[in-house]
Amino acid sequence: MSDFKSFAKAGHWPTLAASFLYFDFCFAIWVLNGAMAPFISESFNLSAAEKGFMISVPILAGALMRFPLGILAQYIGRKNAAMVEMGLIVAALTFGFMMVDTYDEVLAMGVLLGIAGASFGVALSLGSGWYPPKYKGLAMGIAGAGNSGTVLAVLFAPPLAAKFGWQTVYGLAACTMILPMLVMWFAAKEPPDVEHQTFREHISCLFEADGWSFSLIYVVTFGGFIGLASFLPTYFYDQFKVTKIEAGQLTMLATVMGSGVRVVGGYISDRIGGINTLSGVLVLVAISLVACGFAGSSLAATTLLFMLCFAALGAGNGALFQLVPLRWPLTTAVAGSMIGEVGALGGGFIPNAMGLSKQHSGTYMWGFVAFAVLAVAMLVMLRIVQIRWTRTWAEKGGRARSAPTTVGTSGARRTA
3 MSDFKSFAKA
13 GHWPTLAASF
23 LYFDFCFAIW
33 VLNGAMAPFI
43 SESFNLSAAE
53 KGFMISVPIL
63 AGALMRFPLG
73 ILAQYIGRKN
83 AAMVEMGLIV
93 AALTFGFMMV
103 DTYDEVLAMG
113 VLLGIAGASF
123 GVALSLGSGW
133 YPPKYKGLAM
143 GIAGAGNSGT
153 VLAVLFAPPL
163 AAKFGWQTVY
173 GLAACTMILP
183 MLVMWFAAKE
193 PPDVEHQTFR
203 EHISCLFEAD
213 GWSFSLIYVV
223 TFGGFIGLAS
233 FLPTYFYDQF
243 KVTKIEAGQL
253 TMLATVMGSG
263 VRVVGGYISD
273 RIGGINTLSG
283 VLVLVAISLV
293 ACGFAGSSLA
303 ATTLLFMLCF
313 AALGAGNGAL
323 FQLVPLRWPL
333 TTAVAGSMIG
343 EVGALGGGFI
353 PNAMGLSKQH
363 SGTYMWGFVA
373 FAVLAVAMLV
383 MLRIVQIRWT
393 RTWAEKGGRA
403 RSAPTTVGTS
413 GARRTA
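Plus 2 on top of the position in the sequence shown (first one is 1) and you've got the numbering used here.
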């Protein structure tokens, strides 16, 4: 309790709370088409491949929009950038409510929903900006817990779509954005840690081998989370013939695990090391995904396996970001932002892989296998690169070194 009081006094908690709420509602909007996919697919009689592509569009658009929003935040401030983004989201949702009547317009709406997916970097930077380095990780974790917005989408969108129509849900969602906008306007204050990054600085970690290693692992952990969370309502509805509302409720069970265990993943990584945690995560993800493919005739077994898989993905997200400040202690925010952008692009892989698998083979099995193979490939890569990591900037297993180190692009270690 004393630690929590110290944390609360160390920064500006109203800004942190506003950042969480902002990210939470934005995340819910980002996955809205996935949550309503069974309704949209039925309206336009979509093929399996069309379903997968439709679900992937907001994910890919959101990943690509993160960088422009980050640049905007440098010029007008993070609070103002968040307000502008939420205003654009309201406009996009109003367009969806009034204008979307065809499949092509649904795809265009998916691009607009990507605006909401751009919130990651601004939310975490705004929420943690008032806190000293010793509490920044915890503050970022609290703000990042806004990915629980997935739960809001899959829990509320399907019953509302069933009662009022899926286009109306866009309009209702626009009204809900008033709450985070008001909280942001009245409660948040622009942090004093002014951030000005050149384009070269922003993408600097991608000029290093470690930057790509981290990004590719995040393709599996976060890309798997957002991709599966968006596709599961369709999978449960098509595979098990449950109602559209039940499909959302079953998805909620899995996504709650992924959001809740993220903090646990970071906690465990502090003790046994992020490398060890990620190794276990990737093994568990690969096994659980293949098992989901084989369990396609049992709803109970599939639901439990997805809960296990999401728990692993959530822990993996926490573990990876435990390693980021160890590798880039002086540019943690920059590296984390770019890794987050590249990793989010991986979320578009799963819906498309699942849709193409179903359309061409009559089963979702090969979609699961494809992502499991990717997880195994990342595990092999991790076990290779960790040899150098533990010789330069991390202790065995990926724990923090007692003396701070900085690492150049060549991988050489420099002790402060």
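Quick reminder that beta carbons are idealized off the backbone N, C-alpha and C, glycines included.
Because the structure is a prediction, the values reported are computed rather than measured.
Which word fits residue i, buried or exposed, when buried means at least 16 other C-beta atoms lie within 10 angstroms of its C-beta?
i, result
"Pro60", "buried"
"Ala50", "buried"
"Thr257", "buried"
"Ala10", "exposed"
"Asp26", "buried"
"Ser412", "In this predicted model, Ser412 has a pLDDT of only 49, less than 50, meaning its place in the structure is not dependable; the value taken from the coordinates is given anyway. Ser412 is exposed by the Cβ-count criterion."
"Gly13", "buried"
"Gly276", "buried"
"Phe55", "buried"
"Thr279", "buried"
"Cys177", "exposed"
"Met186", "buried"
"Thr417", "With a pLDDT of only 48 at Thr417, under the threshold of 50, the placement of this residue in the model should not be trusted, and no figure is reported."
If you check the beta carbons only, do residue i and residue j fall under 7 angstroms apart?
i, j, result
"Ile42", "Phe216", "no"
"Gly119", "Met111", "no"
"Met380", "Gly369", "no"
"Ser348", "Gly225", "Contrary to the premise, residue 348 reads as Gly rather than Ser in this sequence. Yes; because the gap between Cβ atoms is below 7 angstroms, this pair is in contact."
"Ala346", "Ala63", "no"
"Gly400", "Val265", "no"
"Val283", "Ala313", "no"
"Phe238", "Ala249", "yes"
"Pro331", "Ile247", "no"
"Met179", "Ile91", "yes"
"Leu328", "Ala402", "yes"
"Pro145", "Phe22", "The question names Pro, but residue 145 is Ala in the sequence shown. Against a cut-off of 7 angstroms, the Cβ pair of Phe22 and Ala145 comes out as a contact."
"Thr337", "Cys207", "Per the sequence shown, the amino acid found at residue 337 is Ala instead of Thr. A contact, by the Cβ cut-off of 7 angstroms."
"Gly213", "Pro353", "no"
"Ala159", "Met38", "yes"
"Met339", "Gly148", "The sequence given here has Ser at residue 339, not Met. No, these two residues do not count as a Cβ contact at 7 angstroms."
"Ile389", "Ala175", "no"
"Ala94", "Leu74", "no"
"Pro235", "Pro40", "yes"
"Ser127", "Cys28", "no"
"Phe201", "Tyr105", "no"
"Ala125", "Tyr24", "yes"
"Ile57", "Gly72", "no"
When you compare the CB of residue i with every CB in chain C, is at least one pair closer than 7 angstroms?
i, result
"Gln169", "The structure shown contains no chain C; it holds only a single protein chain."
Please indicate yes or no: does the CB of residue i lie closer than 6 angstroms to some heavy atom of the ligand NAD?
i, result
"Ala249", "Of the ligands one can find in the structure shown there are none, so the ligand NAD has no counterpart to examine."
Is the number of C-beta pairs between the region 254-270 and the region 312-324 that are closer than 8 angstroms three or more? yes
Is the region 166-174 close to the region 287-295, with three or more CB pairs under 8 angstroms? no
With contact counted as at least three CB pairs below 8 angstroms, one residue from each stretch, are the region 148-159 and the region 243-257 in contact? yes
Counting beta carbon pairs with one atom in the region 14-29 and one in the region 176-192, are three or more of them shorter than 8 angstroms? yes
Extract the residue ranges of the beta strand (DSSP E) inside the region 372-409, only unbroken runs of 3 or more that lie entirely within it. 407-409
Any chance you could list the alpha helix (DSSP H) runs of at least 4 consecutive residues sitting entirely within the region 269-302, in chain order? 276-296
Whole runs of the alpha helix (DSSP H) within the region 85-120, excluding any shorter than 4 residues: 105-119
Output the residue ranges of the alpha helix (DSSP H) runs that lie fully inside the region 7-70 and measure 4 residues or longer, sorted by chain position. 15-32, 34-37, 39-46
Quick check for students: name the residue ranges of the beta strand (DSSP E) that lie wholly in the region 216-240, counting only runs of 3 or more. none
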